[in-house]
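K.L.:
Got a structure for you, written out below as structure tokens; questions coming shortly.
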Amino acid sequence: KPSSQGNRGYDVNSFGSALDHQVIYGLVKTGGAVVYDNTTGDNNKFLHRVIAFAGHEIESYDEIYLDDELLTIDGSGNVTSPSKYDGKLRIKKLLGSPTQVADPDLVSEVAEWTSNHRLRGIAYLYVRMAFKAEVFPNGVPTFTSVIKGKKVYDPRTTTTVWSANPALCVRDYLTTSTYGLGEQAANIDDVNFIVAANVCDNLNYPTLTGGVKFTTNGAFTTAVTPYSFLNNIMSCMGGTVWYGQGKWRVKPAYYTAPVLALTDDDLRSGLNITTRHSRRDNFNTVKGTFKGSETNWQVTDYPEFTNATFVAEDNDQVSVVDLDLPFTSSSVIARRIARITLERNRQQITVSASFGMRAFQLQVGDNVTLTSTRRGWAAKEFEVTTWNFGLSGDNDLITQMTLREITESVFDEVDDGVVYSRGTTTVISPFTVPNIGLGATTRTQILREKLTNIATLTVTSAASDRIDYVETEFKQAESLVYITLGTGQLGNFEALDLDDGDYDFRARAINTFGVKGEWEYLLGINANGLLAPPADITNFVAEVNGSVITL
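The sequence shown finishes on residue 534 if you use the numbering used here, and the numbering steps up by one all the way, no holes.
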């Protein structure tokens, strides 16, 4: 099913008659929607399954997993590793090209699937499985894949290529009509988006140096509203997106120099000032979740960020905000966003006022300075968070704005020594069967008035809790055919009435899922109690007691 109401796409393989399309940006491990099943061959030997991963063309399938096993696939689609799937599993990769043709193997092997079943614009895997209980002990498995997702337009190069740049992914969503907002390219401020893309690609802007600052790596379904998606994708760059003055614009979390110096002379109204957040909106600690390759693509907590100075300011009361980052795949970037979010929130002074026509040149995201002698502000920096244009009650042209204090230090890279420690659990594979140990003893015993050889096979294991039962077999050393000795719990198994000679034993464990381990062998166990007569009797005496002799 879709996770988090579609905000993280499909976790596993989903089934349904009208499932939502999945959209993938960047690189992510995800499941897909099963859109077709059929069987062919004698006794329905082959299961043919089509799993749609994206409702658009993708760049590549980088890794494919069966349950939790990474598969190796040759050029013909045959799975060669793990070796147990060789000849039993075939996977064909289709990227969802607009000119995509039907998979020829699927067309040739399934009569109902014709050359008209092209699934153009849908990236899918065609999987063929051959029935084998030992290979698929839990039935039909789940298939997931690490996928490089949608190709996006880059106004810097005027090319459409795969990218995990958040600004470019936002632009793609705004302009895509099938699942996005369908905006015309003319309504996108590409000058603004070029700056935003460069900021996301470089820690140091405008020098365009350093490592990558922000990335988008995630999936969502078309069940997600545009508002919800834009909030989620903007979280991965700590930024904002808005529509104003006829254009869509975006701003990642980075510092820009003030573009205008405002003073009391620019005011057309009084200042409405909020000096602090309410207790409900204030916090001094940020925590949340992310997922990526370093967490084996499991949703995991990123390193919590707190500030002792802020805690002290709040009377030593820790206030935590949850900031989940469904499109962030790096703990380093997640923690950077958490730090910026916290420090930005502690810039608490907010000003609302009407300004003259000088402010008409501003837009949301611009930084300005505001000097107000009465309030003790000398070129104090603020960021424009809302901007409106209209008429006052006297029909004067005014610009109404909300300003939020900001400082360059909010966006600094600070190494505070917190080390990320991945908190995942190493789960034993269900296909792993514990090793067993074998031992054997022989003896001679009279059974039913007959002298006979008996061999006792002892089966042990250091991981008995993961073994459901064991199978044991034996044979004479010169024979080629093993005979069943017994099936049951770990312990002793007896072979009775053996002829004199050497015997070979073997046993294997079977786990709860029915997966059988490898045979363990114990060879050349000698049973020869019938060859030599019994030892002479010693201390043989007779006692007479009346008419009875006791020997």
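The beta-carbon is built from N, C-alpha and C at its ideal position, and this holds for glycine as well.
Of all the options P87, S313 and V416, which has the alpha carbon lying nearest to the alpha carbon of T97?
P.N.:
P87
K.L.:
Using DSSP's beta-bridge definition, name the partner residues of D349.
P.N.:
DSSP, once it has assigned bridges, lists no residue as partnering D349.
K.L.:
Where does the unbroken beta strand (DSSP E) through E503 begin, and where does it stop?
P.N.:
E503 to A510
K.L.:
Within 10 Å of its beta-carbon, does P235 have 16 or more other beta-carbons around it, so buried, or fewer, so exposed?
P.N.:
buried
K.L.:
Helix, strand or coil: how does DSSP classify I171 here?
P.N.:
Secondary structure at I171: strand, using DSSP grouped into helix, strand and coil.
K.L.:
From the DSSP secondary-structure annotation, give me the bridge partner or partners of S128.
P.N.:
T13 and I47
K.L.:
Out of curiosity, what's the CA-to-CA distance linking R405 and T223?
P.N.:
Here R405 scores only 40 on pLDDT, less than 50, and its place in the model is too uncertain to base an answer on.
K.L.:
So is Q281 buried or exposed if we call it buried at 16+ other beta carbons inside 10 Å?
P.N.:
exposed
K.L.:
Within the chosen definition, does the region -7 to 11 reach the region 71 to 80 through at least 3 CB pairs nearer than 8 Å?
P.N.:
No: the two stretches stay apart, fewer than three of their Cβ pairs being nearer than 8 Å.
K.L.:
Nearest CA to the CA of T368: which residue from S211, I332 and A438?
P.N.:
I332
K.L.:
Might you give, ordered along the chain, the residues of its own chain that have their beta carbon closer than 6 Å to the beta carbon of Y238, omitting 5 neighbours on each side?
P.N.:
A distance below 6 Å between beta-carbons, with the five flanking residues on each side excluded, links Y238 to the following residues of its chain, in chain order: E391 and F394.
K.L.:
State buried or exposed for Y504, treating a residue as buried only when at least 16 other CB atoms are found within 10 Å of its CB.
P.N.:
exposed
K.L.:
Does the Cβ of L380 have 16 or more other Cβ atoms within 10 Å, making it buried, or fewer, making it exposed?
P.N.:
exposed
K.L.:
Under a three-way DSSP split, which group does A310 fall into?
P.N.:
Per the sequence shown, the amino acid found at residue 310 is Phe instead of Ala. F310 falls in the coil class under three-state DSSP.
K.L.:
Measuring straight from C-alpha to C-alpha, what distance separates N185 and I216?
P.N.:
18 Å
K.L.:
For the beta strand (DSSP E) that contains E296, what are its first and last residues?
P.N.:
Run containing E296: none in the beta strand (DSSP E); it sits in the alpha helix (DSSP H), A291 to E296.
K.L.:
For the region 180 to 236, which segments carrying the alpha helix (DSSP H) assignment without a break, of at least 4 residues, lie completely within its bounds, in sequence order?
P.N.:
209 to 218
K.L.:
Report the rounded CA-to-CA distance for R103 versus T161, giving the unit in angstroms.
P.N.:
14 Å
K.L.:
Confirm, please, whether the CB-CB distance from A445 to P417 is below 9 Å.
P.N.:
yes
K.L.:
Report yes or no: do three or more beta-carbon pairs, one from the region 302 to 315 and one from the region 355 to 369, lie closer than 8 Å?
P.N.:
When Cβ pairs closer than 8 Å are counted between the two stretches, the region 302 to 315 is seen not to touch the region 355 to 369, the count staying below three.
K.L.:
Does DSSP put K71 in a helix, a strand or coil?
P.N.:
coil
K.L.:
When burial is assigned at 16 or more other CB atoms within 10 Å of the CB, is E366 buried or exposed?
P.N.:
buried
K.L.:
Pick helix, strand or coil for E432, following the three-state DSSP scheme.
P.N.:
coil
K.L.:
If you compare alpha carbons, which of D25, T441, G373 and V93 is closest to A342?
P.N.:
Here the closest residue by C-alpha is G373.
K.L.:
Let me know the secondary structure DSSP gives T278 once reduced to three states.
P.N.:
helix
K.L.:
Give the C-beta separation of G38 and I105 to the nearest angstrom, bearing in mind that I take them to be a contact with Cβ-Cβ under 8 Å.
P.N.:
6 Å
K.L.:
Could you check whether Y107 and I47 sit closer than 9 Å to each other, using their CB atoms as the reference points?
P.N.:
no
K.L.:
Is the separation between the beta-carbon of L54 and that of S64 shorter than 9 Å?
P.N.:
yes
K.L.:
When you compare the CB positions of P149 and T198, do they come within less than 9 Å of one another, or not?
P.N.:
yes
K.L.:
Return the CA-CA distance between G58 and V303, expressed in angstroms with no decimal places.
P.N.:
51 Å
K.L.:
Looking at the secondary structure, which residues open and close the beta strand (DSSP E) in which A478 lies?
P.N.:
G474 to L481
K.L.:
List the endpoints of the continuous beta strand (DSSP E) containing Y465.
P.N.:
Taken as a continuous stretch (DSSP letters only), Y465 belongs to no beta strand (DSSP E), as it is neither H nor E.
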